[in-house]
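Reviewing the structure listed below.
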Amino acid sequence: MTADTFRKTLAEAIGGRNEALADIIEMYMPLINRYSYVDGELDEDLRQYIFLHIFKNLSKFSL
Amino acid sequence: MYGKSTERDELRGKFTKWMEVTVYRARLNYLKAQRRRIDTIPLEDASIEKLCSQEGEEQWIQKMRRADSLDFEEEALAAAFSQLPAMKKEVLTMLFLLDMTPQEIAGELSCTVQYVYKQRSLALKKLREALKGGDAL
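So the sequences go chain by chain: A and B.
According to our numbering, the first sequence is numbered sequentially starting from 3.
According to our numbering, the second sequence is numbered sequentially starting from 7.
What follows is the structure, encoded as C-alpha cells:
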C-alpha cells in the first residue's frame with residue numbers, strides 16, 4: 003500500500019468506513035496476532051478484545 | 007516530492023507506534039481482568055472427600071490468604087498507577103512496557119527528552135510515596 007493510499011484508508015477508517023477499517027486491521031494482523039498469544043496458544047477472546055479496543059480508540063488517533 | 011513522501015511515511019510510523027501501544031494496553035487490560043476472575047471448577051468435578059476434608063479446607067484457606075496478599079500488592083500498585091496524571095502514565099507505559107527509549111518517547115509525544123526524564127522521575131516518586139502508605143497522589 004502506497005503512502006497516499008495508506009493516509010486515505012486510515013482517514014476513512016477513522017471516519018467509520020467499515021471496508022477501510024478492515025483494510026487497516028488486515029495490515030496490522032501480524033501485530034494483533036503476536037499479542038493474542040497466551041502461554042504459547044492463540045487466545046481468540048483476547049484477539050476479539052484487542053479488536054474491540056482498537057475500534058473503540060481509533061477515533062482518538064489524530065492524523 | 008521527497009518531503010511529502012517522508013511526511014506520509016512518518017504518518018505510517020506514527021500510526022504503527024499507536025497501534026503497538028493500543029494493542030499492548032488491550033492485552034494488559036484483558037490479562038488483568040482474567041487474573042481477577044476466581045478459579046472455579048464444576049461441582050460435579052469436585053470429589054466428595056475433597057469437599058468434606060478438613061485438611062483440604064485449611065489448604066484452601068492458606069491458598070486464598072496468599073492470593074489475597076499478592077492481589078493486594080498488585081492492586082495497590084495498579085491503584086497508585088491509575089491515579090497518576092495521563093502524561094506520566096503514558097511515559098511509564100512506553101518506558102517500561104514497550105521498552106521505548108526516552109528519545110523515541112520524546113518524538114512520539116512531541117516533547118523534549120528532558121521532559122520525558124522529568125515525567126519518569128516524578129511518576130516513580132509518586133508511586134513510591136503511594137506504596138509507602140501515604141496518599142501523595
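Where a beta carbon is used, it is the ideal one built from N, C-alpha and C, also for glycine.
- Chain A has a Cβ within less than 7 Å of the Cβ of B/V29.
- Rounded to whole angstroms, the separation of the alpha carbons of B/I111 and A/A24 is 29 Å.
- With fewer than 16 other beta carbons inside 10 angstroms of its own, A/Y39 counts as exposed.
- Here A/Y39 is bridged, per DSSP, to A/L44.
- Straight-line measurement puts the Cα of B/T99 at about 14 Å from the Cα of B/M25.
- DSSP, read as helix, strand or coil, puts B/T107 in coil.
- The alpha-carbon separation between B/A84 and B/Q125 amounts to approximately 18 Å.
- In this structure, B/E114 sits near B/K23, with a CB-CB distance shorter than 7 Å.
- Contact of B/Y36 with chain A by beta-carbon distance below 7 Å involves L48 and Y51.
- Exclusion of the five residues before and after B/T118 leaves A112 as the residues of its chain whose Cβ lies within less than 7 Å of its Cβ.
- For a cut-off of 8 Å, the C-beta gap from B/V29 to A/I27 is around 11 Å, too long to register as a contact.
- Shown here, B/Y30 sits in a helix according to DSSP, grouped into three states.
- The C-beta of A/F8 comes closer than 7 Å to at least one C-beta of chain B.
- Take the alpha-carbon of A/T7 and the one of B/A92: they are about 33 Å apart.
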